[in-house]
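Residue numbers (the numbering used here): 24 to 280.
Structure record follows, encoded as structure tokens.
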């Protein structure tokens, strides 16, 4: 038994060193079909082992109250980076932004930063969400944090409220396309090569360069028709988002990293 445990630790050290992190949150169909899905409102969930609460909009935030004349409201939108996957609520950047700006607010003025980020949202989902809720939320500024996989296809609500890799606005027989799968493939390969004696020995008998060259390129670079189509769609969504924000007198700020 000790020998087997030792061999397991040698060839699969991650099984012993990494705790299992729960990722349990459920979704439902969104009011706007282009949003695809929202998290169930007013529920407690877990994101990579970190508990969080949703509000009446399904956002990872406290209840949104009616805005008064003394409140300056910022709406942060985006995907899992804005949402704060894997970090505590007070560690999400919308909450940190609210805490920092509140220190400089004039007496009697309140800074309210709403975390409207939703994990796995695409640019289309984000634009549709702004379009759906901006009238009710009444932000003074909208901040969109762009991440490269915002060009991915949208996920959709599957059985039991779990997300499934199918864009609800595409034909079911069309392939689901995501930008980050080549990078994920390379990272997994690198992790396998750098951990465990078995992986290192196995890597001596294959040609990693051949596999790298055969891997599909990321969607964000090159002149592939899919790349051009997605950048064009992103430009359209971003332009529409800016127009929506301008109509409500809320400047749209975009940051990317």
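We put the beta carbon where it would ideally sit given N, CA and C, even for glycine.
Treat the numbers as computed from the prediction; the structure is a model and nothing was measured.
Check	Outcome
If you drop the 5 nearest sequence neighbours on each side, which residues of the same chain put their C-beta closer than 7 Å to that of residue 46?	69, 70 and 71
Could you tell me which residues DSSP pairs with residue 179 in its beta bridges?	187
Looking at the secondary structure, which residues open and close the beta strand (DSSP E) in which residue 112 lies?	Element bounds for residue 112: n/a, residue is neither H nor E.
Taking a contact to mean a Cβ-Cβ separation below 8 Å, would you say residue 291 touches residue 148 in this structure?	Shown here, the chain extends from 24 to 280; a query on residue 291 therefore has no answer.
Would you list, in sequence order, the uninterrupted alpha helix (DSSP H) runs of no fewer than 4 residues that lie entirely inside the region 46-123?	103-106
Quick one: give me the first and last residue of the beta strand (DSSP E) that residue 165 is part of.	164-169
Quick one: using the 10 Å Cβ neighbour count with 16 as the cut-off for buried, is residue 192 buried or exposed?	exposed
Determine the extent of the alpha helix (DSSP H) in which residue 269 is found, giving its start and end residues.	248-270
Just how far apart, CA to CA, sit residue 186 and residue 51?	9 Å
My output table needs one value for residue 153: the three-state DSSP class, helix, strand or coil.	helix
Decide if the region 120-127 is in contact with the region 85-94; the criterion is three or more beta carbon pairs, one per stretch, under 8 Å apart.	no
With a threshold of 16 other CB atoms inside 10 Å of the CB of residue 165, please say whether the residue is buried or exposed.	buried
Hey, how far is the Cα of residue 58 from the Cα of residue 132?	33 Å
Can you tell me which of the three DSSP states residue 158 falls into?	helix
Buried or exposed: residue 88, going by 16 or more other Cβ atoms within 10 Å of its Cβ?	exposed
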